[in-house]
Amino acid sequence: MKLLIASLLCLACLHQANAQSITLFDVDTSKFPTMTGKIWAFDAAGNQQRPSASELSLTENGQPRTITSITCPPQQPPKALSVVLVIDVSGSMGSGYGSVPNIELAKTAARAWVNGLPLDESECAITSFDHSNYLNQDITTDRNKLLSAISQLKPNGGTDYNAALVDPMAEH
Numbered sequence: 002m003k004l005l006i007a008s009l010l011c012l013a014c015l016h017q018a019n020a021q022s023i024t025l026f027d028v029d030t031s032k033f034p035t036m037t038g039k040i041w042a043f044d045a046a047g048n049q050q051r052p053s054a055s056e057l058s059l060t061e062n063g064q065p066r067t068i069t070s071i072t073c074p075p076q077q078p079p080k081a082l083s084v085v086l087v088i089d090v091s092g093s094m095g096s097g098y099g100s101v102p103n104i105e106l107a108k109t110a111a112r113a114w115v116n117g118l119p120l121d122e123s124e125c126a127i128t129s130f131d132h133s134n135y136l137n138q139d140i141t142t143d144r145n146k147l148l149s150a151i152s153q154l155k156p157n158g159g160t161d162y163n164a165a166l167v168d169p170m171a172e173h
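Numbering (the numbering used here), first residue to last: 2 to 173.
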């Protein structure tokens with residue numbers, strides 16, 4: 002479960018990677034052989050791109066396909082979010098599958114989330130749990146406070162998911 006949570010956080014923050022990316026999704030084959038789909042295209046800085054059909058190529062099972070048109074609606078402004086990151090800091094987070102402890106993976110994902118969050122419009126809190134629960138940083142729009150709380154997380158104790166998710170305000 003801990004690895005799943007860390008993996009989900011990492012996946013949620015993939016847009017922070019320093020590479021160009023194009024994602025094809027919502028492919029509609031109902032009018033085969035003509036198909037439609039949607040794409041997201043971002044440059045290395047994470048800015049949305051609007052490529053033309055001549056700038057892209059498409060292959061299906063190794064066969065080149067013709068792109069007949071591309072339309073790119075304007076990027077929508079980000080919506081305000083109120084987010085609470087819940088991070089497992091139990092003792093098992095001190096180990097990992099390789100040289101990097103799971104807690105470091107979770108902290109990296111949490112930092113990427115906080116750095117990608119539009120804090121001028123959104124707010125975030127950091128909580129953690131082991132055999133008990135902790136409010137590491139109350140809801141704030143201050144990125145530095147959030148990053149500081151994340152950097153101080155250390156693995157310790159057992160794992161009590163009830164403390165984190167079912168009854169986080171109870172004394173454990």
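Note that beta-carbon positions come from the ideal geometry of N, C-alpha and C, so glycine has one too.
From ILE40, ASP121, PRO119, SER149, pick the residue whose C-alpha is nearest to that of LYS108; which is it?
Position 107 of the sequence shown, counted from the first residue, corresponds to residue 108. Of ILE40, ASP121, PRO119, SER149, the residue nearest in Cα terms is SER149.
Just list the alpha helix (DSSP H) runs in the segment 116 to 158, keeping only unbroken ones of 4 residues or longer that don't cross its boundaries, in chain order.
Whole alpha helix (DSSP H) segments, 4+ residues: 144 to 152.
Measuring CB to CB, does LEU154 end up less than 8 Å from SER129?
The count along the sequence shown starts at 1 and reaches residue 154 at position 153. The count along the sequence shown starts at 1 and reaches residue 129 at position 128. Going by C-beta atoms, LEU154 is nearer than 8 Å to SER129.
Going by C-alpha distance, which of PRO34, ARG51, LYS32, LEU106 is nearest THR24?
As a working mapping, residue 24 is identified with position 23 in the sequence shown. Per the Cα distances, ARG51.
GLN167, buried or exposed, once every other Cβ within 10 Å from all chains shown has been counted against 16
Translated into positions along the sequence shown, residue 167 becomes position 166. The sequence given here places Val at residue 167; Gln does not occur at that position. Exposed is the call here.
Suppose you measure from the CA of THR35 to the CA of SER55; what does that come to, to the nearest Å?
As a first step, residue 35 is located in the sequence shown; it is residue number 34 there, counting from the start. As a first step, residue 55 is located in the sequence shown; it is residue number 54 there, counting from the start. Cα to Cα, the separation comes out at about 18 Å.
Can you round the beta-carbon distance between LEU82 and LEU118 to whole angstroms, since I take them to be within the 8 Å contact cut?
For the purposes of this step, residue 82 is taken as residue 81 along the sequence shown, with counting starting at 1. For the purposes of this step, residue 118 is taken as residue 117 along the sequence shown, with counting starting at 1. The Cβ separation is near 7 Å, so the contact holds.
Starting from GLU61, follow the beta strand (DSSP E) in both directions and report where the run begins and ends.
Here residue 61 corresponds to residue number 60 of the sequence shown, with the count starting at 1. First-last of the beta strand (DSSP E) with GLU61: 59 to 61.
Residue burial classification, GLY70 (beta-carbon count within 10 angstroms, cutoff 16):
On the sequence shown, position 69 is the one that residue 70 refers to. Gly is not the amino acid found at residue 70; the sequence shown has Ser there. Per the 10 Å Cβ criterion, exposed.
In whole angstroms, give me the CA-to-CA distance for LEU59 and GLY38.
Sequence index remark: in the sequence shown, residue 59 carries index 58 (1-based). Sequence index remark: in the sequence shown, residue 38 carries index 37 (1-based). LEU59 and GLY38 have their alpha carbons spaced roughly 12 Å apart.
Which residues in the same chain have their Cβ closer than 8 Å to the Cβ of GLY159, if we skip the five residues on either side of it in sequence?
By 1-based counting over the sequence shown, the position of residue 159 is 158. Contacts found: SER91, GLY92, ASP131, HIS132.
Count the other CB atoms within 10 Å of the CB of ALA46; is the residue buried (16 or more) or exposed (fewer)?
As a first step, residue 46 is located in the sequence shown; it is residue number 45 there, counting from the start. By the 10 Å Cβ count, ALA46 comes out exposed.
Is DSSP giving GLN17 helix, strand or coil here?
Position 16 of the sequence shown, counted from the first residue, corresponds to residue 17. Reliability fails at GLN17, whose pLDDT of 45 lies under 50, so the model's placement of it is uncertain and the value that follows must be treated cautiously. DSSP, read as helix, strand or coil, puts GLN17 in helix.
What separation, rounded to the nearest whole angstrom, lies between the Cα atoms of SER100 and LEU106?
Position 99 of the sequence shown holds residue 100. Position 105 of the sequence shown holds residue 106. Between SER100 and LEU106, the C-alpha separation is close to 11 Å.
Among LEU86, THR30, GLY97, which one has its Cα closest to the Cα of LYS124?
By one-based count along the sequence shown, residue 124 stands at place 123. Contrary to the premise, residue 124 reads as Glu rather than Lys in this sequence. Across the set LEU86, THR30, GLY97, the C-alpha of LEU86 shows the shortest separation from the C-alpha of GLU124.
Under a Cβ-count criterion, where at least 16 other Cβ atoms within 10 Å of its own Cβ denotes burial, should PRO79 be classed as buried or exposed?
Start at 1 with the first residue of the sequence shown, and residue 79 comes out as number 78. Classification for PRO79: exposed.
For the beta strand (DSSP E) containing ILE88, name the first residue and the last one.
Residue numbering aside, residue 88 sits at position 87 when the sequence shown is read from its first letter. Under the DSSP assignment, ILE88 falls in the beta strand (DSSP E) whose first and last residues are 83 to 89.
Per DSSP, what kind of secondary structure is GLY99 in: helix, strand or coil?
In the sequence shown, counting from the first residue as 1, residue 99 sits at position 98. Of the three classes helix, strand and coil, the one that applies to GLY99 here is coil, per DSSP.
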